[in-house]
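Protein chains: 4
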Amino acid sequence: MPLSEEQRAEIESLRARPRQTLRAVSEGMERHLYLAHEVLDHGFVRVIDYMGDDAAICQAARVSYGKGTRSVSDDRGLIRYLMRHWHSTPFEMCEIKLHVKLPLFVARQWIRHRTANVNEYSARYSILDREFYLPAREHLAAQSTVNNQGRGALLGDEEAARVLEILKSDAARCYDHYEEMISDEGKQGLARELARMNLPANIYTQWYWKVDLHNLFHFLRLRADAHAQYEIRAYAETIARIVADWVPAAWGAFEDYRMGGVTLSAQALDCLRRMLKGEEVTAETSGMSPREWREFEAILSGIPGQESPGG
Amino acid sequence: MPLSEEQRAEIESLRARPRQTLRAVSEGMERHLYLAHEVLDHGFVRVIDYMGDDAAICQAARVSYGKGTRSVSDDRGLIRYLMRHWHSTPFEMCEIKLHVKLPLFVARQWIRHRTANVNEYSARYSILDREFYLPAREHLAAQSTVNNQGRGALLGDEEAARVLEILKSDAARCYDHYEEMISDEGKQGLARELARMNLPANIYTQWYWKVDLHNLFHFLRLRADAHAQYEIRAYAETIARIVADWVPAAWGAFEDYRMGGVTLSAQALDCLRRMLKGEEVTAETSGMSPREWREFEAILSGIPGQESPGG
Amino acid sequence: MPLSEEQRAEIESLRARPRQTLRAVSEGMERHLYLAHEVLDHGFVRVIDYMGDDAAICQAARVSYGKGTRSVSDDRGLIRYLMRHWHSTPFEMCEIKLHVKLPLFVARQWIRHRTANVNEYSARYSILDREFYLPAREHLAAQSTVNNQGRGALLGDEEAARVLEILKSDAARCYDHYEEMISDEGKQGLARELARMNLPANIYTQWYWKVDLHNLFHFLRLRADAHAQYEIRAYAETIARIVADWVPAAWGAFEDYRMGGVTLSAQALDCLRRMLKGEEVTAETSGMSPREWREFEAILSGIPGQESPGG
Amino acid sequence: MPLSEEQRAEIESLRARPRQTLRAVSEGMERHLYLAHEVLDHGFVRVIDYMGDDAAICQAARVSYGKGTRSVSDDRGLIRYLMRHWHSTPFEMCEIKLHVKLPLFVARQWIRHRTANVNEYSARYSILDREFYLPAREHLAAQSTVNNQGRGALLGDEEAARVLEILKSDAARCYDHYEEMISDEGKQGLARELARMNLPANIYTQWYWKVDLHNLFHFLRLRADAHAQYEIRAYAETIARIVADWVPAAWGAFEDYRMGGVTLSAQALDCLRRMLKGEEVTAETSGMSPREWREFEAILSGIPGQESPGG
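Here the protein sequences line up with chains A, B, C and D, keeping their order.
Position 182 (the first sequence) corresponds to 174 in this note's numbering; numbering is contiguous.
Position 42 (the second sequence) corresponds to 34 in this note's numbering; numbering is contiguous.
Position 59 (the third sequence) corresponds to 51 in this note's numbering; numbering is contiguous.
Position 23 (the fourth sequence) corresponds to 15 in this note's numbering; numbering is contiguous.
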């Protein structure tokens, strides 16, 4: 359970004080505000604030004075058009601010998405909590044999138990030593900014993260993808469900055109046209490398391929 | 008067529908929402949406769960500390979205500030309105003789009248021809994306502009400065008054440390220390160039110098 | 002819002085350095500097110490893999700096690409030249009747002649008045920053523009596209030819996966799978809107659709 | 010694192959290319590529065709003017690409500077080396008692020895376990992306980092500052020396106006003016908080204060 009693009380007190505003309000998002969506064993995602809704995307695209007389269905059509034709700026007009608690190695993947605002808990100034990510049994997998970066088969019971034992005891020992080093009882106590270097990468950190909807979609496309590392994908999928409640029309367009869509190369498109005319196209006659051909076949069959978007 | 009856009705209708939210609310900002603050002869600034308030800056700086038990005075002290020591990320946690109507040549200066989101009215898709900026009599000035970029003395009456006559008639003629070229009455009608090239740089355009508070402060520091071109300064000063109502503590810190503050070079600091010890420092013994020395004297005397922040 | 004798002499003198460097050198790019590629009637694109080559992309992707023992064919394969799987950061490791002379209305479209560095000629400080873009006869087209933003049929001779006459005489008159207003002969002379507002949007400006290869590819995908406005496309196509000489492997991958590739929605992909199984899919059974279906058919037939990427 | 024989051979081979180029060349920078500047116990900074020199800054500021006839002294004056008046865009026209090996906790501070391009060694794909940062004796300090984030007095011998013993043995054990977990000898072997979570924050990673000169100056101002954490400061100071050789005029201006300069608040400026007129100003009559007054006194006396720029 990631939250203390005091923290829960703070959240309840925030949710107990509705106020009046003239701004655009997303009812779906109001239901999420401040609440902690649990992720992994000690992590969470909390919506702290948001700006805009589906109508705001359209209003900016039209540079209009108000909501005008457009219907929800007009708005939905416009949003799909914008998404389909890569008009990204209207989606930048929505903004979300999250409070996230996450393992340090996940934070390191996350921060590569540079077009966002971040305030992280400072381990120079403060003492980190004794909380470490330990994978659930069903996520302890071996290195993939078909993909150089990623996981393959689940570990057997014995090996999994040994791994968990190592992760647990090393984290405990490192944290004990961290505490010992910074303690000033009977001694000086090492500076926090130095002592933290003894902590392993599965320790939890937390931050405020603010991003616009266009860049959030880009994050979700890479990190909610089947080939992203499971741990960051768990966060991305939690955020995805929140976004679906916040801007349902934009989310629908994103699902259809990005998450569920595919990009085909000039060669793949050419093969496709030939196939639709009845030609039998093979790896040899495709003009693609064997790897590209495998990926192309996977797209046509609906079975995901083995490549990964990085990490 | 920049707004049509229909536009005013839309704004009133938006202001007539308060809704409930659990988000942070800035009362000072709610008063501004949607209203058109007039700028120049046909322009305006309208607040369309905002995110965060003074407390949100502190909450992000502390990476805290709620507002905690901190007092407003604690928050003010923290905000001043953050501003003084160039901790910019907590200020990035506030966001503002504006609808702005502005002359095209002002838009060209404005857009140089790249860390913002923009949706501009499309002259490929739509027809621009017949509205041109004509400077008020008191802004018609000659090229500065002490500064290569900027204005000097006011024009005399006769010259001013001639200038206004030119600006007015050229704008009218160019717009007449624009309308004629795109008209498809009895002919094909030139494409809008081509016809617009006949319009002069004082025609009005409009856009939605969204920016975080840190980058907005940067914009204001350069564009509300005495050396910025008057026309963009008029917009910056209008926005500055809005910001003062939105986040009063952050605005106060910004005024004290940025707008009202100065940056001294190593040489200037050295001179200052010598002067405070009673030494008579002159241009010759200062180690500065004549120009730097003049700027230094201007800072000490409180009389603004002649240099300009670009444009 | 866009360059003066003096400017040509400067360029020749720069090209006459090869120097030694230990950096990566792209022979294809050295041939372009400083030379003016003419675009439109008075514009140009000049390569001023560049950083990196195809091998540098691979070196960064591998975070390696040198070029290692990899072959050119290994590098080509890696580059195609990176492009196919949207690994954008290695492409960011190449950089190009251009000097561009372009009509002001093209500059306004161009500047929307924010992730770049720009230094533009200042009309506050300097006097603009008397040079205006006048479209060639074959680019004077009517507003498109199938697309709300874009051009359709060519104008007839008479209408084209009238348009050119308007553009020419309005530009001349506006410039004459610009010169008259700033002149201080026998009068004060209006400040340049004010006088420029009388100049139409087809006047030429110039800037230094620096961008990394990933963001340049994004620019080219939108602006070298058939639906971009012709005038900016002329610049994009000139730059594209330069890029092909600079980083041939990256350019090849970009052509295959971006310029020549397509993105299909989840619905389109589903239709495709059904069609490949022999099912007759129609607009009605496709699950797509009529407009999406038309675009889908255009992709399969190879005939470009009517939608446009904005501008 | 951070480099292997093979790596040294690669570097020597790169330095042994000068080529011809028409681009701007900085002789000071050519001397640094590819060489490893050692930082901390196992880290380094290597210049991989660069674009531009002092003259390129001026050329962009003037938007000129070549180097023209300006003298080095004209260029120096222009660069100082640009720096003094916060004209940042000409400095963005220079670019540097570094290969850096650094402890993970330093990488986490570094990556907060978002306006840069990064390719980091992937611990999903590759196995990290057994190299950990162990502070030198003279950097093992206690938590500061005057500053909530930072170091104070050096640790005594006994405590220092205990700290080093902990850091060393925990790092060794964690790495042994990392190797054991990923080993597939006689078992499956845990996926690398999971096993890495057991590694402490003093393990070394490496990346390619590319940044423009303006943003590099911003990085150096914060990270070469006396209040930055020592470990990142060690990198910043190494880079600073390289920059001084690359663009000596820009570096000189940066030193005078940023590193050696100070920013004074409106209140501080007011106090200063009163003091220069002979008034005795005290904390009480200053209008500043006690903390601000102490910082002001520190500036005037030349003794650095106790505040820190974050971390």
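Just so you know, even glycine gets a beta-carbon here, dropped at the ideal spot from N, CA and C.
Euclidean distance between Cα positions of residue i and residue j
i        : j         : result
D:Met21  : D:Ala241  : 14 angstroms
D:Ser18  : C:Ala48   : 20 angstroms
D:Asp45  : B:His210  : 27 angstroms
A:Glu276 : C:Ser(-4) : 55 angstroms
D:Asp204 : C:Ile40   : 16 angstroms
D:Asp149 : D:Leu132  : 10 angstroms
C:Ala187 : D:Ala236  : 42 angstroms
C:Asp262 : A:Glu229  : 23 angstroms
C:Tyr222 : B:Ala218  : 41 angstroms
D:Ile234 : D:Leu25   : 10 angstroms
B:Arg72  : B:Thr81   : 14 angstroms
C:Gly302 : C:Asp33   : For C:Gly302, the pLDDT reaches just 38, beneath the cut-off of 50, and the residue's location in the model is therefore unreliable, although a value from the coordinates is still provided. C:Gly302 and C:Asp33: Cα-Cα distance of roughly 24 angstroms.
C:Ala245 : D:Tyr117  : 23 angstroms
B:Leu147 : C:Leu120  : 22 angstroms
Simplified DSSP assignment, three categories, for residue i
i        : result
C:Trp199 : strand
D:Arg184 : helix
B:Glu276 : coil
A:Arg68  : helix
B:Pro95  : strand
C:Leu146 : strand
A:Glu87  : strand
B:Asn194 : coil
A:Tyr42  : strand
B:Pro301 : Low local confidence applies: a pLDDT of 37 at B:Pro301 is under 50, so the model's placement there is unreliable, with the coordinate-based value given in what follows. Correct three-state label for B:Pro301: coil.
D:His169 : helix
C:Asn139 : coil
B:Gly20  : helix
D:Val55  : coil
A:His219 : coil
Buried versus exposed, by CB contacts within 10 Å (16 or more), residue i
i        : result
B:Leu182 : buried
D:Pro192 : buried
B:Glu84  : buried
A:Ser278 : buried
B:Asp162 : buried
D:Ala216 : buried
B:Arg38  : buried
C:Pro282 : exposed
D:Pro10  : exposed
B:Gly270 : exposed
A:Ser114 : buried
D:Arg0   : exposed
C:Asp66  : exposed
B:Arg129 : exposed
Residue i beta carbon near the ligand ATP (any heavy atom closer than 7 angstroms)
i        : result
B:Met267 : As presented, the structure is devoid of all ligands, the ligand ATP included, so that no description of it is given.
Contact list for residue i against chain F, beta-carbon separation under 9 angstroms
i       : result
D:Val64 : Of the protein chains in this structure, namely A, B, C and D, none is chain F.
task: Please list the residues of the stretch 179 to 209 of chain D that have a C-beta atom closer than 8 angstroms to any C-beta atom in chain C, keeping them in chain order.
output: So the close ones are Gln198, Trp199, Tyr200, Lys202, Asp204.
query: Taking a cut of 7 angstroms between CB atoms, which residues from the stretch 73 to 89 of chain D lie near chain C?
result: Correct list: Thr81, Pro82, Glu84, Met85, Glu87, Lys89.
message: Give me the subset of the stretch 90 to 106 of chain C whose CB atoms are less than 9 angstroms from a CB atom of chain D, sorted by chain position.
response: Flagged, chain order: His91.
query: Just by C-beta distance, which residues in the stretch 209 to 240 of chain A are closer than 7 angstroms to chain C?
result: Listed by position along the chain: nothing, the set is empty.
field: Residues from the stretch 10 to 35 of chain A in contact with chain B, defined by Cβ distance under 8 angstroms
entry: Along the stretch 10 to 35 of chain A, going in chain order, the ones with a CB nearer than 8 angstroms to a CB of chain B are Pro10, Arg11, Gln12, Thr13, Leu14, Arg15, Ala16, Val17, Glu22, Leu25, Tyr26.
- prompt: In chain order, which continuous runs of the beta strand (DSSP E) of length 3 or greater are located wholly inside the stretch 239 to 278 of chain B?
  reply: Complete beta strand (DSSP E) runs here, min 3: 254 to 256.
field: Cβ-based contacts, 8 angstroms cut-off: residues of the stretch 134 to 147 of chain A near chain D
entry: Those residues of the stretch 134 to 147 of chain A that come within reach of chain D (Cβ to Cβ, closer than 8 angstroms) are Ala134, Gln135, Ser136, Asn140, Gln141, Gly142, Arg143, Gly144, Ala145, Leu147.
message: Please list, in chain order, the residues of the stretch 258 to 271 of chain A that have any C-beta partner in chain C closer than 8 angstroms.
response: Those would be Ala258, Gln259, Ala260, Leu261, Leu264, Arg265, Met267, Leu268, in chain order.
task: Could you name the residues of the stretch 147 to 164 of chain C whose beta carbon sits closer than 7 angstroms to any beta carbon of chain B, in the order they occur along the chain?
output: Here the close residues are Leu147, Gly148, Glu151, Val155, Ile158, Leu159, Asp162.
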